[in-house]
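Structure, as structure tokens:
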Amino acid sequence: MDVRSVPGKGLEAVIDGYIIRGGNAAWAAGAGSVTSGSSDHTVFIVSITPNKSSPEFTRIAYYTLSDSLRPDSLKTVRELTSRGIEVHILSGDAPGVVAQTASALGIPSSRARGGCSPEEKAQWIKFTQTGGMGDGGECGTSGSEKCCSSTSAAASNHDNNRTKASRRKVMFVGDGTNDALALVQSDVSISLGTGTDIASSAANVVLLSSLSTGLSTVFALARASRNRIWINFGWAFVYNVLAILLASGVLGSVRIPPEWAGLGELVSVLPVVLIAWSLGLVRW
């Protein structure tokens, strides 16, 4: 039995000469006609064809799937919004399912897109990074460059004074194989410890705690790291100005004896190392 995974579509297996597909309705049907059912649910179809050269598949199973939100999803969205961050839902699920999820999370329908392939997710992020913003709805209906992630969230910094041509920073959170391209494309990519290995390897950060707690820790750690970088820059500036003045004799009799000059490097580097090391003393 030969089984392969088709990103964004499903699984395909060859058994005794028969090709069996399991996945979304449009792909599993091949060139055949398969009714996708209600747009308010995710549909999973199993189909088969006896001929490798035949583009038509016969449906043998039809499943209507539903899923529940993570317990901390609403809290996470509210925390991101309170930070002035726009939250978007970008999903491979049916647009109706995505619209329901957006409504439950208090996200405007204009920021929710469904039916997105892995490539369209990455394209949507790239489009957003260049200053654009696609409307909500279904991927592939208004230009692939305006498209969109598998029940994942992309968040972009919001600034009303930015022009459309300005670059936007995008953070993407996803835990599925179909999210890998979007994770690579985003400026900051975050996956979950319960996600797939492919998603984890593509992400900058892997959260082992809950989504809400993990994101709060990421923001706090990023802020602390940035503050220490600026402190180190400030120390380096002050030290070098003082060292130049001492070496040039501008301060008169205040000079560094040559035999002690070698300590200058230690005095310069040691505070930088200690400041950076202090980041590990904080319990995140």
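Every number in the working numbering is 6 more than the matching position in the sequence shown, counting from 1.
Where a beta carbon is used, it is the ideal one built from N, C-alpha and C, also for glycine.
Remember, predicted model here, so these are calculated numbers, not experimental data.
Cβ separation of residue i and residue j, assumed to be a contact under 8 Å, to the nearest whole Å
i	j	result
residue 197	residue 205	4 Å
residue 47	residue 72	6 Å
residue 173	residue 137	6 Å
residue 82	residue 227	Their Cβ separation, rounded to whole angstroms, is 17 Å, which puts residue 82 and residue 227 out of contact at 8 Å.
Chain B within 8 Å of residue i, Cβ atoms only
i	result
residue 14	Looking for chain B here will not work: only one protein chain is present.
Residue j beta carbon less than 8 Å from that of residue i
i	j	result
residue 108	residue 91	no
residue 260	residue 252	yes
residue 278	residue 236	no
residue 217	residue 199	no
residue 13	residue 124	yes
Residue i versus the options, residue with shortest Cα-Cα distance
i	options	result
residue 185	54, 202, 60 and 73	202
residue 129	181, 104, 190 and 84	190
residue 62	84, 31 and 172	31
residue 103	114, 29, 121 and 89	121
residue 15	29, 211 and 131	29
residue 110	131, 124, 135 and 77	77
residue 283	35, 238 and 106	238
residue 180	226, 69 and 212	212
residue 132	81, 194 and 87	194
Beta-carbon contacts of residue i that lie in its chain and below 6 Å, excluding the five residues immediately before and after
i	result
residue 274	245
residue 157	Any reading at residue 157 is ruled out, since the residue's pLDDT is 41, under 50, leaving its predicted position unreliable.
residue 165	Below a pLDDT of 50, predicted positions are generally treated as unreliable, and residue 165, at 48, falls in that range; no measurement from the model is reported.
residue 56	24
residue 66	52 and 54
residue 167	Note that residue 167 has pLDDT 47, beneath the 50 cutoff, so the model's placement of it is unreliable and no number is given.
For residue i, the residue or residues it bridges with in DSSP
i	result
residue 8	20
residue 195	178
residue 245	In DSSP, residue 245 forms no bridge with anything.
Contacts around residue i, its chain only, beta-carbon distance under 7 Å, and the 5 residues preceding and following it disregarded
i	result
residue 58	25
residue 249	270
residue 285	230, 231 and 234
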